[in-house]
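Asks:
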């Protein structure tokens with residue numbers, strides 16, 4: 016849908032936004048998306064997750080996500096939930112690791128058919144983000160995340 020770069024406080028920020036429709040209700044979709052312990056099942060390039068904050072996901076909740084870069088290097092990224100709104104079905108977390116800092120924003124909205132539409136934006140900065148954007152990998156990664164999440168939600172919806 017969109018890929019762009021802009022200046023924010025003198026830093027170059029790279030961004031990609033995509034959407035996908037899921038054959039499940041917004042509530043069913045939110046149940047999977049909001050369970051951040053499941054990120055390694057669908058969130059490219061997550062390998063594993065370590066929960067830092069006890070209790071339910073909420074603003075300020077933290078985790079460490081082991082992510083594999085396109086070069087094969089595995090980095091530990093500290094994730095912090097910036098926004099968590101079950102009513103609006105919106106969540107944003109910020110991940111930070113060597114060479115990259117980025118926000119992953121997700122919003123689920125109902126379609127006219129009663130299914131879910133997921134909008135995902137990933138925007139960040141740092142030399143790894145710069146390379147990702149220049150090589151077109153940021154947009155591809157956003158698309159893969161959406162496709163993986165769709166597949167997982169729909170598979171669980173079939174079993175329900």
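In our numbering, the protein residues as written are 16 to 175.
Every residue gets a Cβ at the ideal spot worked out from N, C-alpha and C, and that includes glycine.
1) Express the C-alpha separation of residue 118 and residue 87 in angstroms, rounding to a whole number.
2) Whole angstroms are fine: how far does the CA of residue 36 sit from the CA of residue 130?
3) Quick one: is residue 33 buried, meaning 16 or more other Cβ sit within 10 Å of its Cβ, or exposed?
4) Would you mind stating whether residue 49 and residue 65 have Cβ atoms separated by less than 9 Å?
5) Hey, quick one: how far does the alpha helix (DSSP H) through residue 48 stretch, first residue to last?
6) Within 10 Å of its beta-carbon, does residue 85 have 16 or more other beta-carbons around it, so buried, or fewer, so exposed?
7) Taking residue 123 as the reference, give the member of 89, 74, 168 and 63 with the closest Cα.
8) Rounding to the nearest angstrom, what Cα-Cα distance links residue 96 and residue 137 in this structure?
9) Which residues in the same chain have their Cβ closer than 7 Å to the Cβ of residue 98, if we skip the five residues on either side of it in sequence?
10) With C-beta atoms as the reference, is residue 58 less than 9 Å away from residue 172?
11) Grab the span of the alpha helix (DSSP H) containing residue 57 for me, first residue to last.
Replies: According to the structure data:
1) 22 Å
2) 7 Å
3) buried
4) no
5) 41-48
6) exposed
7) 168
8) 14 Å
9) 74, 105, 106 and 107
10) no
11) 54-57
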